[in-house]
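Asker: Sequence lines, in order, name chains A and B.
The first sequence finishes on residue 447 if you use my numbering, and the numbering steps up by one all the way, no holes.
The second sequence finishes on residue 1080 if you use my numbering, and the numbering steps up by one all the way, no holes.
Take a look at this one; I'll ask things after.
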Amino acid sequence: MRNFSVLVLILWMVSCNVKQEPIEVSAEELHSAVDRVTNIMVHDIFSPPVASRIYAYPNIAAYEIMALNNEGYNSLSGQVRDLSPIPKPEAEKAINYSLAALIAHMDVSRRLIFTEEMIEVFRDSLYGVWEGQNSKEFNESKEYGLRVAEHIASWMDKDNYKQTRTMPKFTVDTDNPGRWQPTPPAYMDGIEPHWNKIRPFVIDSADQFKPVPPPPFSMEEGSDFYKEVKEVYDISNEITEKGDTSEEIEIAQFWDCNPYVSVTRGHLMFATKKITPGAHWIGITKIACRKTNSSFDDALYAYTKASIAMADAFISCWDEKYRSNLIRPETLINEHFNDNWKPILQTPPFPEYTSGHSVVSGAAATTLTNIFGDNFAFDDDTELRYGLPVRSFNSFNEAADEAAISRMYGGIHYRTAVEVGVKQGRDLGKFVLENLNMTKETIVATK
Amino acid sequence: MNKFIALFCLVMVLISCSGDGELFHNPDASETGIDFKNVLTPREDLNILDYLYFYNGGGTAIGDINGDGLPDIYLAGNQVKNKLYLNKGNLEFEDITEQAGVAGNSSWNTGAIMGDVNGDGLLDIYVCAVVGIKGFSGYNELFINNGDNTFTESAARYGLDFDSYSSSAAFLDYDLDGDLDLYLLNHAVHTEESYGRANLRYKRNYETGDKLLRNDGESFTDVSEEAGIFGGIIGYGLGVAVSDFNQDGYPDIYVGNDFHEDDYYYLNNGDGTFTESLKKFFGHTTRFSMGNDVADVNHDGWPDLISLDMLPEEEEILKTSEGDDNVQTQRMRIDRFGYHYQFSRNMLQLNRPGSFYAETALQSGIAASDWSWSALFADYDQDGEQDLFISNGIPKRPNDLDYIRFVSSEEIRSKINNTRLVDQDALEMMPSGAVHNYYFRGKGASFENLSETMLRKDTLVSGATAYADLDLDGDLDLVTNNLNREASLYINQTNNKANYLKIKFNYPGPNKFGIGTKVFSYHKGLLQYKELYPVRGFQASSEPIIHFGYGQTDVVDSLKIVWPDGTFQVVKNAKVNQTLKLSPENTLKFDYASLLPQQGNRFKQVTDNLGIDYEHVEDNYVDFNRQKLIPYQISDRGPAVASGDLNGDGKDDLYFGGSKYHSAQIYLQTDTAFVSSSYPELVRDSVIEEISAVIEDFNSDGKKDLFLGTGGGDFFGQSTRLLDRLFIQGESGFNQAQVPEYFEHAAVIKPHDIDGDGDLDLFVGNYTRTNDFGAIPPSYLLRNEGGVFQIVDNLSLQKLGLVTDAYWADLDNDQKEELIVVGEWMAPRFFKNDKGSLTEVELLEQEISGLWQAVIPNDIDGDGDLDLILGNWGNNNKFRASQSNPLKMYYGDFDSNGSTETIIAIPKDGKYYPLESLEGLSQQIVSLRKKFTTFRSMAGKSVEEILDKKTLKEASLFQVSELRSGILMNNEGKFSFTPFGQELQVAPITSFVSYDFDQDGKEEVLAGGNYFGVKPYHGRFGSFSGAMIAGENDVILGHEMGMDFSQKAVRHLHIIHMNDQPYILVTFNNGKAEVYQWLN
């Protein structure tokens, strides 16, 4: 047995010595790495705000390496909060920047997710291939990639995430009828009540895009708020009557993006897990990259910009959620209209206002429009894996508008949360674009 | 070689097969002829996903159907045909199903019971069915016994042919008209995804609602509505027990409901109606209520109740199973939806006439028996004590956390989305829940788990169980109906090793078997009490006999038989080891009042409460939201109470401290009452939580001043709300005066002139620091110099511990008082006063660290020196501690984020396990999610394996070696600990007062307790009704003397005087203060 492994080793070394070809890292490998993170997040069950953070940091790590070597792109250091320039590679080293970037991406991802094994399997198989292709180039790039990952990680560790883990749980206010209450079936605690304390990337503060307050709570018939509750109930009844194949229900389900839908049948419990809203837009980014045959570098740019905008969007949205601490339609409809009513989508475990999917979709669509242009038509097959069909859109903005209204069809948001939310996201997205100077002028012009 | 191995294997198999338990022998089906096997055949459209009670199993009914004296066995199958086995003697049975015509026609049978419906003296069989879901057809069938081993199905004729979702049924004569009525137990299938309000139970629903059916001779009439029986869509009825719980002669009913619906406790009003009274008599119940049983386990003549749930015993299963609600979800279910407190573990409810049941399953050792179906109390070993058999198991554990979180999604996602079905492959991935059945040997209300030795270790999934003396050897055998395996016979091997008595009744009228007859048996001063209700356990009925065990006693002094009509007769000097056949003879009217406790009330609540209308209101603050891993709350230890003459009129007044948003209140004593009075200068800040208050004259000006100790988990750091305060009374009222600045939570303030200068100095005992539970806050000695307090430097007081109470008392008769300090996670500590400086002295004979709550000196043994009465946490909770295996608490910053946390570890089989699950721990220590990516990977791991050794080493370790309350006996200056009996360990004891209540010249100690600031994991500690302690073994409980503190959290007991008359003032956390007077 021992002899055998020695033999394998020798053979392998021989083969290494034989072909020392340059290592090619394509955009597809970046897409797989990002997909991998998405899948691990589904497995580990990260909530939407936490997921947005997990996308941003690996992308930035990789982007910073790429920008060193691509004159078309500017470093983010000095542009996103507290990021200092990454260490430079030693001059004599033959660094493959794309390779180093991808390695940094995987390493920062590994630190962020729970089940490291799932990323290690993926990583080690790539490492094996690269080692075989060009051991020197691989090892020098790897050493550098990991060094940058360490740099990014120490920056990342100071964003208050760790501290927010042990901050107080959200205390439900049971005495105030307008305040958020845990919702069926799991009646989970409100998640991430301190997300506004996470260091933002580009926006000045969590409340910079503080939306107008929702209509004042009142269940008096005829009040603005009452009308909003009634509207959710009416729409739900209307489209339920039309049946599961109605456009509205298809839209609601397509954009559900709930990472943990818990299902209870008697004592039997299970969960159906899906990607988060952020992950859906990361998926759309990939579609756009592929459609434009974007290079590794250009794809990385798109991922990075979109994920930064979305991470800030979640900070902004969550700030408002626990400020207005608004009750969900499900609680009120059960209480006032119909105690058997269930929303088409499962109500996620946090306050209603504003709609997270709307804010993040607004921010993401604004960013992607900036990168890929308006009227960029695409077929969105992101949710195929989760048993949902392909939907086609004429533009990112059209998709964002549909994502926003889907929350009303789904019975989990009022109209104001959706309309104000998507605007909040777009305003924030614009701000991010104005304040991030990632590309040299010439390149922007061609986009 | 191969032959050899095969032979060896065969031998091994034979050995393991014949591995009988010491008490029960399990004969093979081939020997007995009982080959009934409840085979479940799941289909794509019929499995646990489609029908929530797919695994509940069939029924078991035992009784002598042909009058040959041998009990026969009827077993009902879910999808297979039911079978009736005739007992031929010698444990041989004949399948006579075909000839008898009792195979049944329903698609899905459930419970089966026997009873004489038509009053002909022959046992009929009623078989329940689930009809109307998943295409199940049929109806509940009633097989009327023709007396010739054949039966005629007659459900329709009697109006009992229900086609609904029936679990089981019970015969009882609720209106005492002489015939048997029927309680039909149905189960809901309503989605429990959302709770819905508790008032859904008032809206009747045919399929799911329970029914009370009155026997009107020819047929049964549904009287549910007029009788006050709930029949709603949320009644997940799985257990029903009939007993005269309140001993008024009329049978009452306890219904166990699964899931969020409360159990129902129907008290029979005697006029054909019932009053559901659960919340009035039960502090909490099982959550996933399954089967239940009733027996008098503690020999007081009152029926006690066990209700089963599904708490696993094994660490590995416990930590991979879905646990209890969190605090907020529990609150919502109770406050918003109107349900009662329910916790997921077995509950033993000890009957206390006129009061709440005392729930003692944790103390009694029977809280955890995993996925449990049937409980049957009986004296299996015939030693005069009730033992307990619990059947359990589930083919697949649907509440496995890894399955829920990680496995299910990948496997069933697409299936669910496309077809809303789960296929077999996905179900196969759930872990098996085939856990061995349980046997507990009883001694009063204490039980010892002897499953390993008394039973064969099985992997059966056993449900409906019934007992009977199948082999006529006098002891009780058992039959379990199993899933996918032959039914099991448990043949009792007690045989002639201990004595027994079996009693059968021949009662006039249609109730020939005398259902509802009670027997009080007395031997050697021991009372045993039984009622004849054969329906018990789960979906089953047992042989309709009364059975008692007597150990080696040959003659039973007397048997008092109380017949259903309320008359009784006495059988004296009955010989054991026989079957008595009794009919009413020379009966007299039975006086049920004679069963009530004899000592009578000693105290009575004063009707106008002496004018005191104080109610302490605790805010909704949840400590666990902030410090997620602390063992209990710290914010709910108020209010402060002090008595003293505030206005100088010679009468003691009362100060009740404030709680958040509720100002302090002052009651001045007049000639006739206490009157609420306004002292605006004292109550300016209404946000402070006051824990301890002292009214004394600190500046020696003849006017009383006020010292207030504050706390409250809502305030932290250097919050001024945490500063203790002093108010000096001057000419124009109270003025706030300077006190040293410190921010700890006060627990107790005890004045004493330590330096002999004539003014009162103070010991300030501090409990904790907000957001840093486990840190030891300094306690202080404050020296009084003319009304100005200064901290006296004292190193040992700085490190005293988590102080809860203190007392100055002269323990060594040197005419100088020592300071005694008690607290949590520490042993009592003693300080001698040497001219104003305190020096610690070691007076304990043995280190006894506890969760001490209160201390009071009293010469309990009357030997002339002061002993110390100590209130502790009690042993009716999930903490475990002993001298050799103490409870542990690690305190440190485990996640290196700058804030501390505590990890509680309990000893179990020599290892220490964290009390919290991965879910709980990782809420605070997120890095554990990286270390343990599945629940299984952490389950069964010790705390040392979970947190690395280095981290644990760096943490501070606190230990508790004694959880019981008791007495520190003073043996010439050295103190040794004697714990109180079990009845004083049911809840924390939090307060004492010593007074000569009976004017015998010696003071007794009155004790109060209970505490609710724990996570649902522990439940609620509300079963202590209070106690008068006159001696080590001279204890009267509160509910027996007219002063019942059950389900209320006592914080203080004071003796107050009005017009020279003493009264007891009781102050509660989150409740209204009460005043009691003596009865002469």
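Glycine included, each C-beta is placed from N, C-alpha and C at the ideal position.
1. Apart from the five residues just before and just after N418 (chain B), which ones in its own chain have a Cβ nearer than 8 Å to its Cβ?
2. Report the three-state DSSP secondary structure of G63 (chain B) (helix, strand or coil).
3. Determine the direct distance from the alpha carbon of A464 (chain B) to that of E250 (chain B), and round the result to whole angstroms.
4. Once you ignore the five residues that flank N511 (chain B) on each side, which residues in its own chain have a CB closer than 8 Å to its CB?
5. Pairing CB atoms from the stretch 307–320 of chain A with CB atoms from the stretch 203–219 of chain A, are three or more of them under 8 Å?
6. Which residue marks the beginning of the beta strand (DSSP E) containing I630 (chain B), and which one marks its end?
7. Nearest CA to the CA of E1087 (chain B): which residue from B:G283, B:D325, B:A188 and B:M114?
8. Grab the span of the beta strand (DSSP E) containing T360 (chain B) for me, first residue to last.
9. According to DSSP, simplified to helix, strand and coil, what is N417 (chain B)?
10. For the stretch 431–482 of chain B, list the alpha helix (DSSP H) runs that are entirely contained and at least 4 residues long, ordered along the chain.
11. For a test of the three-state rule: what should DSSP assign to W825 (chain B), helix, strand or coil?
12. Verify whether the separation of the beta carbon atoms of I253 (chain B) and L200 (chain B) is less than 8 Å.
13. With a threshold of 8 Å between beta-carbons, can E116 (chain A) be considered close to chain B, or not?
14. Please state whether DSSP places Y780 (chain B) in a helix, a strand or coil.
15. Please confirm if L433 (chain A) has its CB atom under 8 Å from at least one CB of chain B.
16. Does the Cβ of Y661 (chain B) have 16 or more other Cβ atoms within 10 Å, making it buried, or fewer, making it exposed?
17. Using a 10 Å radius around the Cβ and a threshold of 16 neighbouring Cβ atoms, would you call S731 (chain B) buried or exposed?
18. Could you give the distance in angstroms between the alpha-carbon of K911 (chain B) and the alpha-carbon of L887 (chain B)?
19. Are the beta-carbon atoms belonging to I695 (chain B) and K704 (chain B) less than 8 Å from one another?
20. I need the straight-line Cα distance from R410 (chain A) to E419 (chain A), nearest angstrom please.
21. Can you tell me where the beta strand (DSSP E) with M1028 (chain B) in it begins and where it stops?
22. Buried or exposed: which applies to K142 (chain A), given that a residue is buried once 16 or more other Cβ atoms fall within 10 Å of its Cβ?
23. Going by other Cβ atoms of all chains shown within 10 Å of its Cβ, with 16 needed for buried, is A445 (chain B) buried or exposed?
24. Spatial neighbours of A640 (chain B) within its chain, please: CB distance less than 6 Å, with the 5 preceding and 5 following residues excluded, ordered by chain position.
25. Measure the alpha-carbon distance for T494 (chain B) versus L582 (chain B) and round it to whole angstroms.
26. Would you check if the distance between the CB atom of D867 (chain B) and the CB atom of L968 (chain B) is smaller than 8 Å?
27. How about P216 (chain A) and F225 (chain A): do their beta carbons lie closer than 8 Å?
28. Verify the CB distance criterion: does L180 (chain B) have a CB-CB separation below 8 Å to chain A?
29. Just to make sure I have the definition right: I need the residues of chain A whose C-beta is within less than 7 Å of the C-beta of E322 (chain B). Which are they?
30. In chain order, what residues of the same chain lie with their CB nearer than 7 Å to the CB of S355 (chain B), ignoring the 5 residues before and after it?
31. Among A:T439, A:N96, A:G132 and A:G425, whose alpha-carbon lies nearest the alpha-carbon of I371 (chain A)?
32. Let me see if you follow: with CB-CB separation under 8 Å, is R165 (chain A) close to chain C or not?
33. Would you kindly work out how many angstroms separate the C-alpha atoms of E247 (chain A) and T240 (chain A), rounded to a whole number?
34. Go through its chain and collect everything with a Cβ distance to T567 (chain B)'s Cβ below 8 Å, but skip five positions before and after it.
35. What's the call for T285 (chain A), buried or exposed, on a 16-neighbour Cβ count within 10 Å?
36. Can you grab the Cα-Cα spacing for the pair D636 (chain B) / G1013 (chain B), in whole Å?
Answerer: Taking the definition as stated:
1. Unreliable positioning characterises N418 (chain B) in this predicted model, as indicated by a pLDDT of 49, which lies under 50. The coordinate reading is nonetheless provided below. Excluding residues up to 5 positions away in sequence, nothing lies with its Cβ nearer than 8 Å to the Cβ of N418 (chain B) in the same chain.
2. Here G63 (chain B) sits in strand by DSSP.
3. Going by the sequence as given, residue 250 (chain B) is Tyr instead of Glu. Taking C-alpha positions only, Y250 (chain B) is separated from A464 (chain B) by approximately 27 Å.
4. In the same chain as N511 (chain B), and ignoring 5 residues on each side of it, the C-beta atoms closer than 8 Å to its own belong to D116, G119, D173, G178, D179, L180 and P564, in chain order.
5. Judged by Cβ distances under 8 Å, the stretch 307–320 of chain A makes contact with the stretch 203–219 of chain A, as three or more pairs qualify.
6. In the DSSP annotation of this structure, I630 (chain B) is not part of any beta strand (DSSP E), being labelled neither H nor E.
7. Outside the shown range of chain B (1 to 1080) lies residue 1087 (chain B), about which nothing can therefore be said.
8. For T360 (chain B), there is no enclosing beta strand (DSSP E), since its DSSP letter is neither H nor E.
9. The predicted position of N417 (chain B) is uncertain, since its pLDDT is 48 and thus under 50; no value can be drawn from it.
10. Within the stretch 431–482 of chain B, the runs of alpha helix (DSSP H) at least 4 residues long that lie entirely inside it are, in chain order, 451–454.
11. Here W825 (chain B) carries a strand assignment [DSSP, helix/strand/coil].
12. Contact: no.
13. For E116 (chain A), the answer is yes, since a Cβ of chain B falls inside 8 Å of its Cβ.
14. If DSSP states are grouped into helix, strand and coil, Y780 (chain B) belongs with the strands.
15. Not closer than 8 Å to any Cβ of chain B, the Cβ of L433 (chain A) fails to qualify, so no.
16. Residue environment: Y661 (chain B) is assigned as exposed (fewer than 16 neighbouring CB atoms within 10 Å of its CB, all protein chains considered).
17. Correcting the residue type first, residue 731 (chain B) is Glu in the shown sequence and not Ser. Here E731 (chain B) is exposed. Its C-beta has fewer than 16 other C-beta atoms within 10 Å.
18. Cα to Cα, the separation comes out at about 11 Å.
19. The answer is yes: Cβ separation under 8 Å.
20. Here the sequence assigns Gly to residue 410 (chain A), which means Arg is not the residue at that position. Rounded to whole angstroms, G410 (chain A) to E419 (chain A) spans 15 Å at the Cα level.
21. Looking at the DSSP string, the run of the beta strand (DSSP E) that includes M1028 (chain B) is A1027 to G1031.
22. It counts as buried.
23. Of the other Cβ atoms in all chains shown, 16 or more fall within 10 Å of the Cβ of A445 (chain B); this residue is therefore buried.
24. Answer for A640 (chain B): G657, E690, I691, S692 and A693, listed in chain order.
25. Approximately 25 Å, taken between the alpha carbons.
26. A contact, by the Cβ cut-off of 8 Å.
27. P216 (chain A) is a Cβ neighbour of F225 (chain A), given a cutoff of 8 Å.
28. Taking CB atoms only, L180 (chain B) has no neighbour in chain A less than 8 Å away.
29. Ordered by position in chain A, the residues that pass the 7 Å Cβ test against E322 (chain B) are M269.
30. Contacts found: S1025, H1039, D1044 and S1046.
31. With distances taken between Cα atoms, I371 (chain A) lies closest to A:T439.
32. Although the question refers to chain C, the structure presented lacks it and instead comprises the protein chains A and B.
33. Taking the straight line joining both Cα atoms gives about 11 Å.
34. Excluding positions up to five away in sequence, the list reads P584, T587, L588, K589 and F590.
35. It is buried - the Cβ of T285 (chain A) has at least 16 other Cβ atoms within 10 Å.
36. For D636 (chain B) and G1013 (chain B), the distance between alpha carbons rounds to 7 Å.
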